[in-house]
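Colleague:
Number of protein chains: 2
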Amino acid sequence: MKFSKATNYALHTMLFLVAAAPDKHIGVQQLAERQSVSPTYLSKILTKLVKAGMIESASGANGGYRLKRSWEDISFLDIIHAIEGTASLFDCDFNHGPDCLIQLVMVEAEDEMETYLKNKKMSDLARTVKLSKISL
Amino acid sequence: MKFSKATNYALHTMLFLVAAAPDKHIGVQQLAERQSVSPTYLSKILTKLVKAGMIESASGANGGYRLKRSWEDISFLDIIHAIEGTASLFDCDFNHGPDCLIQLVMVEAEDEMETYLKNKKMSDLARTVKLSKISL
DNA sequence: GCGTGATTACTCGGATACAAGATGTCCGAGTTTGAGCGG
DNA sequence: CCGCTCAAACTCGGACATCTTGTATCCGAGTAATCACGC
Numbered sequence: 001m002k003f004s005k006a007t008n009y010a011l012h013t014m015l016f017l018v019a020a021a022p023d024k025h026i027g028v029q030q031l032a033e034r035q036s037v038s039p040t041y042l043s044k045i046l047t048k049l050v051k052a053g054m055i056e057s058a059s060g061a062n063g064g065y066r067l068k069r070s071w072e073d074i075s076f077l078d079i080i081h082a083i084e085g086t087a088s089l090f091d092c093d094f095n096h097g098p099d100c101l102i103q104l105v106m107v108e109a110e111d112e113m114e115t116y117l118k119n120k121k122m123s124d125l126a127r128t129v130k131l132s133k134i135s136l
Numbered sequence: 001m002k003f004s005k006a007t008n009y010a011l012h013t014m015l016f017l018v019a020a021a022p023d024k025h026i027g028v029q030q031l032a033e034r035q036s037v038s039p040t041y042l043s044k045i046l047t048k049l050v051k052a053g054m055i056e057s058a059s060g061a062n063g064g065y066r067l068k069r070s071w072e073d074i075s076f077l078d079i080i081h082a083i084e085g086t087a088s089l090f091d092c093d094f095n096h097g098p099d100c101l102i103q104l105v106m107v108e109a110e111d112e113m114e115t116y117l118k119n120k121k122m123s124d125l126a127r128t129v130k131l132s133k134i135s136l
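Line by line, the protein sequences are chains A and B.
Following the UniProt record's numbering, the numbering of the first sequence begins with 1 at its first residue and continues without gaps.
Following the UniProt record's numbering, the numbering of the second sequence begins with 1 at its first residue and continues without gaps.
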């Protein structure tokens, strides 16, 4: 039970894009270098974000990744779901029927976390970054 | 990012003990049979709960597991922590210094879930079970 | 100067390798209960 | 009826096998910009 490193990479990449370059194409190499990951691996992760519609990629020289138009509303939850999938964190696959009390509690708990993450927008965070000049 | 099956087994076992037999020793075989797990594997899981001080084991004939005296206050979180460990779900192990904004958000989100789970006591759930006669 | 082709700098996607953790099994050792047996 | 021994039922813990998943690399293919060259 841990968030994967891939999620960490995705979150940091998105925060960087939102805070530093909302409209420019940034090459995977540059993005990977900041986080000490191999470019090919990061590319795999970012492909998921592309499929989720948050960013778009341009191939060829001077290519790279760029935010899509509607990036203002992207939340932490969006990114996490894109990387980790949307499946429930807990499944009681016994045959108690669908109303396993434990399952209900766990799903509730998960919802608590998710609503928090849903309300945390990347753009809010980016504003904080700019104000306090924190390095990414 | 998923809760392990072991957590599921642990939660169900605890709920069963609290709801059905708060003071008797129950053999691992019987507990394992209910959940279609091998007894040796379940025993490994329950050992963790023993070390966490929630239940105690008695060896020998008619042995088994039994709740400890102070079982009234056991929460979901206690059990989950005993099985999954108490480490944070997310760690940004870059060298941004300790105040990585993303890390802060994720820890906050985790706290949301944990406080919910901390307030869900097993004994509350057991009461519901008895009232509604739901099968475990 | 202008089109055309080659080169370069990129991303994309599949195949593959590797490591770690979750899951599950096996077996020997220790422990308690209870039955059997002899005095 | 009492006490001793022994077998049975049980848990404990370590060692091991297996499976899945996360992490990462490699490479061939495709694509867009740019450069070079010939007309």
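Heads up, the beta-carbon is just placed ideally off N, CA and C, and yes, glycines get one too.
Being a predicted model, the structure only gives us computed values, none of them experimental.
Just to confirm before moving on: does the CB-CB distance between residue 50 of chain A and residue 9 of chain A stay below 9 Å?
Modeller: no
Colleague: Would residue 35 of chain A pass as an interface residue toward chain B - the criterion being a Cβ-Cβ separation below 9 Å?
Modeller: Yes, its Cβ sits closer than 9 Å to a Cβ of chain B.
Colleague: Does the beta carbon of residue 72 of chain B come closer than 9 Å to any beta carbon on chain A?
Modeller: no
Colleague: Could you tell me which residues DSSP pairs with residue 65 of chain B in its beta bridges?
Modeller: Answer is B:26, B:57.
Colleague: At a cut of 8 Å, does the region 67-81 of chain B reach the region 99-111 of chain B through at least three beta carbon pairs?
Modeller: No: the two stretches stay apart, fewer than three of their Cβ pairs being nearer than 8 Å.
Colleague: Could you check whether the Cβ of residue 105 of chain B sits closer than 9 Å to any Cβ belonging to chain A?
Modeller: yes
Colleague: Please name the residue in A:114, A:133, A:90, A:66 whose C-alpha comes closest to that of residue 99 of chain B.
Modeller: A:133
Colleague: Chain A partners of residue 41 of chain B, CB-CB under 9 Å?
Modeller: Against residue 41 of chain B, chain A offers no close residue; the least beta-carbon distance is about 16 Å (beta-carbon pairs closer than 9 Å).
Colleague: If residue 94 of chain A sits next to residue 35 of chain B, beta carbons under 8 Å apart, how far is it from one beta carbon to the other, in whole angstroms?
Modeller: By a beta-carbon distance limit of 8 Å, residue 94 of chain A contacts residue 35 of chain B. Their separation comes to about 7 Å.
Colleague: Less than 6 Å between C-beta atoms, sequence neighbours within five positions excluded: which residues of the same chain meet that for residue 112 of chain A?
Modeller: none
Colleague: Quick one: list the residues of chain A neighbouring residue 89 of chain B, beta-carbon separation under 7 Å, in chain order.
Modeller: Simply 1, 2, 3.
Colleague: Check residue 51 of chain B in the structure and name its three-state DSSP category.
Modeller: helix
Colleague: Below 9 Å on C-beta distance, what does residue 128 of chain B contact in chain A?
Modeller: Near residue 128 of chain B (Cβ distances below 9 Å), the residues of chain A are 101.
Colleague: Would you call the CB atoms of residue 19 of chain A and residue 129 of chain A closer than 9 Å?
Modeller: For residue 19 of chain A and residue 129 of chain A, yes; Cβs fall inside 9 Å.
Colleague: Three-state secondary structure (DSSP) at residue 75 of chain B?
Modeller: strand
Colleague: Which residue's Cα is closest to the Cα of residue 52 of chain A: A:63, A:67, A:41?
Modeller: A:67
Colleague: Under 9 Å, CB to CB, which of the residues in the region 112-128 of chain A have a partner in chain B?
Modeller: 112, 113, 114, 115, 116, 117, 120, 125, 128
Colleague: Strictly under 9 Å for the Cβ-Cβ distance: is residue 58 of chain B near chain A by that measure?
Modeller: no
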